[in-house]
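Since the structure comes first, as structure tokens, the remarks are kept for the end.
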Amino acid sequence: MAGGWVIELGDVGDPACEALLRDYYVEVSDRYYRLHEGRHSTAEEIETGFPRVRSDDLTPPTGEFLVARSTEDPTVLAGCVGVRRLRDDSGTRVAEVRRLYVRPELRGSGLGTSLLLCAEEVARVWDVATIRLDTRLDLVEARSLYLSNGWVEVPAFSHDVHAEAWYAKRLD
């Protein structure tokens, strides 16, 4: 879709945001199953897996959810990113990026970078010195995005079964 985008606070419980998060889930699930089993996700895998993906921590006071909305048609969402507040193992406050997603037809447009920079700004407003995330190795575009925006690979800090790479960025 041509036109501009505005990045604003979203509500993970809003039906349009839920649909966007579902599209994100289907894509990462399909990538996983294609890589490991040579097939797409089944409808049953989506229907049982998607409700288990927690997003309620991307709402105040524990987090924020940002969406990229079309300036031409505000009902169209092009992407999203969640940021949540937590403490690392040492007790230091950190922010964590979750669910960064740009619709496939808009990748390469700079929207992913804009969403990531907005997530970083949320963390700065929270006065957090470090922002971090975990991801999978097959999410090559995302990993490239992080590295091109000053993120560095760090030792594992989470134990999610799907986490294979960990990144962080100092915000000071």
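Residues in the sequence shown are numbered from 1 upward in steps of one, following my numbering. C-beta: ideal position from N, C-alpha, C; glycine also. Just so we're clear, the structure is a prediction, and the values are computed from it rather than from any experiment.
> DSSP beta-bridge partners for residue 165?
Replying inline: The partner list for residue 165 (beta bridge, DSSP) reads 135.
> Apart from the five residues on each side of it in sequence, which residues of its chain come closer than 7 Å, Cβ to Cβ, to residue 22?
Replying inline: Result list for residue 22: 50, in chain order.
> Quick one: is residue 137 buried, meaning 16 or more other Cβ sit within 10 Å of its Cβ, or exposed?
Replying inline: Exposed, since its Cβ has fewer than 16 Cβ neighbours within 10 Å.
> When you compare only the Cα positions, how much space is there between residue 66 and residue 135?
Replying inline: Distance between the alpha carbons of residue 66 and residue 135: 19 Å.
> Would you report the Cα separation of residue 24 and residue 106, rounded to the nearest angstrom?
Replying inline: CA-to-CA, the gap between residue 24 and residue 106 works out to about 14 Å.
>> My output table needs one value for residue 153: the three-state DSSP class, helix, strand or coil.
In response: In the structure shown, residue 153 sits in a strand (DSSP, three-state: E or B).
> Based on the DSSP output, what are the partners of residue 80 in its beta bridges?
Replying inline: The partner list for residue 80 (beta bridge, DSSP) reads 67 and 101.
> What is the DSSP secondary structure of residue 96, reduced to helix, strand or coil?
Replying inline: Three-state result, residue 96: strand.
> What does DSSP give as the partner residues of residue 8 in its beta bridges?
Replying inline: DSSP output for residue 8 lists 67 as bridge partner(s).
> Hey, quick one: how far does the alpha helix (DSSP H) through residue 159 stretch, first residue to last?
Replying inline: Per DSSP, residue 159 belongs to no alpha helix (DSSP H) and is neither H nor E.
>> What does DSSP give as the partner residue(s) for residue 86 in the beta ladder?
In response: Looking at the DSSP assignment, residue 86 forms a beta bridge with 94.
> Counting Cβ pairs closer than 8 Å, one from the stretch 37-45 and one from the stretch 85-102, do we hit at least three?
Replying inline: Too few Cβ pairs lie closer than 8 Å, so no.
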